[in-house]
Amino acid sequence: MILVLLLDFNNLRKVDTSKILMELFKDIKNIDDPGKQPSYIPELTHVDPNKFGVHISTIENFHSGVGDFQERFSIQSIAKVLALSLAYRMQGEKIWERIGVEPSGTPFNSLVQLEADKGIPRNPFINAGALVISDLLISSLKNPKEEFLAFVRDAANNPTIDYSSKIAESEKTAGFRNVALCNFIKALGNIQNDPNEVLDFYFHLCSIEMSCEELSQLFLFLANNGMKLNEEKEVLTANQCKRVNALMQTCGFYDESGEFAFKVGLPGKSGVGGGIIAVHPNQYAIAVWSPKLNPKGNSFKGMQFLEAFTTKTHSSIF
Ligand code: GLN
453 MILVLLLDFN
463 NLRKVDTSKI
473 LMELFKDIKN
483 IDDPGKQPSY
493 IPELTHVDPN
503 KFGVHISTIE
513 NFHSGVGDFQ
523 ERFSIQSIAK
533 VLALSLAYRM
543 QGEKIWERIG
553 VEPSGTPFNS
563 LVQLEADKGI
573 PRNPFINAGA
583 LVISDLLISS
593 LKNPKEEFLA
603 FVRDAANNPT
613 IDYSSKIAES
623 EKTAGFRNVA
633 LCNFIKALGN
643 IQNDPNEVLD
653 FYFHLCSIEM
663 SCEELSQLFL
673 FLANNGMKLN
683 EEKEVLTANQ
693 CKRVNALMQT
703 CGFYDESGEF
713 AFKVGLPGKS
723 GVGGGIIAVH
733 PNQYAIAVWS
743 PKLNPKGNSF
753 KGMQFLEAFT
763 TKTHSSIF
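Read in order, the letters of the sequence shown correspond to residues 453 to 770 in the working numbering.
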């Protein structure tokens, strides 16, 4: 049965994937979108809410996109996967002494579990966890912002990827929950550096701008056992890659991670800029962008698109 589904997908990849992307894109573009853009990052409300793009990249070097797939947007929490990857690559298993690997079942910006958990965030993808990862990176990098960006550019083979200082500043002016989270974790002893420096680094990593095309190509390393495609270059070991994918599967959508597994069935990560990246190990990475978010902070149309895509192509991991 598994073999039949894989063969099925290989066929689709060669013959029909572009057509399927186009058909689903047309269907979903016109559905009523009850979502909202996040007002706590004022700059994000200036983005055209009707933007919609999709791009798939496969490990066999097939690439196809529809709509606004070449336009850059704020990747926000999708960057948490890249921050985790760099920290994991540099420091190995000891990062798990300061961060858990369990789904939180709470919103991405929640403070409620931290006190009971003594400042150890449940996982690296909620904001609390990404702040601790930021702290780990600041402790081990000489020029954290420059070196993190260099890591992303290198993994993407794209020297033009950059932070948006406008978006980072915008979040700094209104990101009061993150300020609270960072100071609270500091008080509980799990942030070692100056909270202002940690927040500045965190707001910058969230402000990185990339297109769906760039994202799906970059995230292929997670579909390729941690190796950059077409190069013998390791971003993560195969075991680290397996674990990052497992975390995306169980924690990538906060208190909607179960729903994403249930409907889409792929490891993935969302961002409040409206982007979602999803990875099928050993097959492909697909990125979707539509700025209006559902109440859990995940792109409404992005979720719909990916559900329709994995259903139609029989290409979820389940
Ligand atoms: N920068 C955003 C925040 O900290 C990222 C959240 C997200 O994309 N889910 O709130």
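Backbone N, C-alpha and C define an ideal beta-carbon position, used for all residues, glycine too.
Given the structure, does residue i come close to ligand 1, in the sense that its CB is under 7 Å from one of the ligand's heavy atoms?
i, result
"ASN561", "yes"
"GLN489", "no"
"CYS703", "no"
"GLU623", "yes"
"ASN635", "no"
"GLY557", "no"
"GLY544", "no"
"ASN579", "yes"
"SER529", "yes"
"ASN513", "no"
Taking 8 Å as the cut-off, decide whether the C-beta atoms of residue i and residue j are in contact.
i, j, result
"ILE643", "LEU589", "no"
"LEU657", "ALA531", "yes"
"ALA580", "LEU536", "no"
"PRO743", "VAL499", "yes"
"SER722", "GLY704", "yes"
"GLN735", "THR469", "no"
"LEU476", "PHE761", "yes"
"ILE619", "SER659", "yes"
"LEU672", "ILE729", "no"
Residue i: which of the options sits nearest, CA to CA?
i, options, result
"GLY505", "PHE577, ASP520, ASN677", "ASP520"
"LEU688", "SER586, GLN543, LEU640, PHE653", "GLN543"
"GLN528", "ASN502, ARG550, PHE560", "PHE560"
"ASP755", "ASN676, ALA713, PRO576", "What sits at residue 755 in the sequence shown is Met, not Asp. Ranking ASN676, ALA713, PRO576 by Cα distance to MET755 puts ALA713 first."
"SER515", "PHE525, GLN669, GLY557, LEU745", "First, the residue type needs correcting, since residue 515 is His and not Ser in the sequence shown. Minimum Cα distance to HIS515 is reached at GLN669."
"ILE769", "VAL716, VAL724, ASN648, ALA760", "VAL716"
"LEU640", "ASN648, ALA539, ALA568", "ALA568"
"THR558", "ILE578, TYR540, LYS618", "ILE578"
"VAL724", "VAL731, GLU665, LEU718, SER751", "SER751"
"ASN513", "LEU718, LEU681, GLU759", "LEU681"
On the three-state DSSP scale, how would you describe residue i?
i, result
"ASP484", "coil"
"LYS753", "helix"
"VAL533", "helix"
"ASP500", "coil"
"ASP460", "Residue confidence for ASP460 is low, a pLDDT of 49 falling below 50, so the modelled location carries little weight and cannot support an answer."
"LYS721", "strand"
"GLY641", "coil"
"ASP569", "coil"
"HIS656", "helix"
"TYR540", "helix"
Next item on the list: Flag this pair as touching only if the stretch 602-612 and the stretch 563-572 have three or more C-beta atom pairs under 8 Å; answer yes or no.
Entry: Fewer than three Cβ pairs drawn from the stretch 602-612 and the stretch 563-572 lie within less than 8 Å of each other, which leaves the two stretches out of contact.
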